[in-house]
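Presented below is the structure to which this report refers.
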Amino acid sequence: MEGDTPSFLGLLPNGLNAPEHPEWGGWGGRYILADASGETGTFGDASDFAVGVNNETFLSKYASVWRWREAFQWDFAARMGWSVDSDADADPDSAQVNHHPVVVVNDTCGFEALQINYSLGESVVIDASASWDPDGDELSFDWFHYREPTIRLEGNIPRVSPNVTFTTLDEGGGLVEAMPNDNLTFHIILTVKDVRSTGMNLTAYRRIILNPTQAA
């Protein structure tokens, strides 16, 4: 992907980005090895499947960046706010700017991917209900299977992945039961947004990787 902005966006610690794994995808796009041998460490553009603001679907290298556009634009706006509000870091309660939610999954907090093993035919319970917001805002939770890191998409692609299904177990949406329907490695993306009447909702993520215990 040409341009300095995607190169920088992929370095921000947000729970989605993984600078050491460009093939996983993130704010800066998704990239796969251009050299099959891996000797040169050269990566090239990879396509993502995403739904645009016009409700049409797209499979393109550009979609691997713009699918996250709303989140990274509000992130940039918030950082501009921090630069002019001296209370932004010292005392979040008195600041007029927004701060990112803190995502807690299965009693762990951090930006690294959470690895969970599973056996085909058994569900996995994932609990993010302990997540919180520094400004005391309410939180919304969205879980989806990010197919592209481990599955090649082509032909007639369903909008929602049939490979992993989610059942919400609580009212807030932070506690779910994930049911893998294939014996594959799956990347699950948890998106947590704060809910503010003024807009400029900030987003934090956690990547959960489900690994099968039995070889495919």
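Each position in the sequence shown, counted from 1, maps to that position plus 794 in the working numbering. Ideal Cβ positions, reconstructed from N, Cα and C, are used throughout, including at glycine.
Practice task
State the start and end residues of the unbroken alpha helix (DSSP H) segment that holds glutamate 864.
Solution key: The sequence position of residue 864 within the sequence shown is 70, counting from 1. Run containing glutamate 864: 863-878, per the alpha helix (DSSP H) assignment.
Problem - Closest Cα partner of glycine 915 within the set Glu814, Asn975, Trp862 - result: Along the sequence shown, read from residue 1 onward, the residue named residue 915 stands at position 121. Glycine 915 has its Cα closest to that of Asn975, out of Glu814, Asn975, Trp862.
Handout entry: Host alpha helix (DSSP H) of valine 859 (start-end)
Key = By one-based count along the sequence shown, residue 859 stands at place 65. Run containing valine 859: 857-860, per the alpha helix (DSSP H) assignment.
Exercise for the section: Taking all protein chains shown into account, decide if aspartate 927 is buried (16 or more other Cβ within 10 angstroms of its Cβ) or exposed. Expected result: Taking the sequence shown and counting its residues from 1, one reaches residue 927 at position 133. When all chains shown are included, aspartate 927 counts as buried.
Problem - Cβ pair methionine 973, serine 917 closer than 8 Å - result: Residue mapping note: residue 973 aligns to position 179 of the sequence shown, counting from 1. Residue mapping note: residue 917 aligns to position 123 of the sequence shown, counting from 1. Their beta carbons are under 8 Å apart, which means methionine 973 touches serine 917 by this criterion.
Exercise for the section: Compare the C-alpha of glycine 966 against each of Leu933, Ile1003, Phe960, Arg990 and name the closest. Expected result: One-based indexing of the sequence shown puts residue 966 at position 172. Closest option to glycine 966, Cα to Cα, is Leu933.
Handout entry: Stretch-stretch touch, CB-based, cutoff 8 Å, three pairs: the segment 891-907 with the segment 974-989
Key = yes
Exercise for the section: Starting from the Cα of glycine 968, find the closest Cα among Thr834, Ser925, Pro807 and give me that residue. Expected result: Here residue 968 refers to the residue found at position 174 when the sequence shown is read from its first residue. Per the Cα distances, Ser925.
Handout entry: Alpha carbon of aspartate 936 to alpha carbon of valine 878, nearest angstrom
Key = In the sequence shown, counting from the first residue as 1, residue 936 sits at position 142. In the sequence shown, counting from the first residue as 1, residue 878 sits at position 84. In a straight line, the C-alpha of aspartate 936 is about 31 Å away from that of valine 878.
Practice task
Let me know if asparagine 848 comes out buried or exposed under the rule of 16 or more other beta-carbons within 10 Å of its beta-carbon.
Solution key: Here residue 848 is taken as the residue at index 54 of the sequence shown, counted from 1. Result: exposed.
Problem - For glutamate 971, the three-state DSSP class (helix, strand or coil) - result: As a first step, residue 971 must be located in the sequence shown, where it is residue number 177. Of the three classes helix, strand and coil, the one that applies to glutamate 971 here is strand, per DSSP.
Handout entry: Test item: CB-CB of phenylalanine 870 and tryptophan 821 under 8 Å
Key = Counting from 1 along the sequence shown, the entry for residue 870 is found at position 76. Counting from 1 along the sequence shown, the entry for residue 821 is found at position 27. Against a cut-off of 8 Å, the Cβ pair of tryptophan 821 and phenylalanine 870 comes out as no contact.
Exercise for the section: Along the beta strand (DSSP E) that carries aspartate 839, what are the first and last residues, could you check? Expected result: In the sequence shown, counting from the first residue as 1, residue 839 sits at position 45. Looking at the DSSP string, the run of the beta strand (DSSP E) that includes aspartate 839 is 837-839.
Exercise for the section: Give me the Cβ distance between glycine 823 and valine 845, rounded to the nearest whole Å; I'm assuming they're in contact under 8 Å. Expected result: As a working mapping, residue 823 is identified with position 29 in the sequence shown. As a working mapping, residue 845 is identified with position 51 in the sequence shown. No, glycine 823 and valine 845 are not in contact; Cβ-Cβ is about 17 Å, not under 8 Å.
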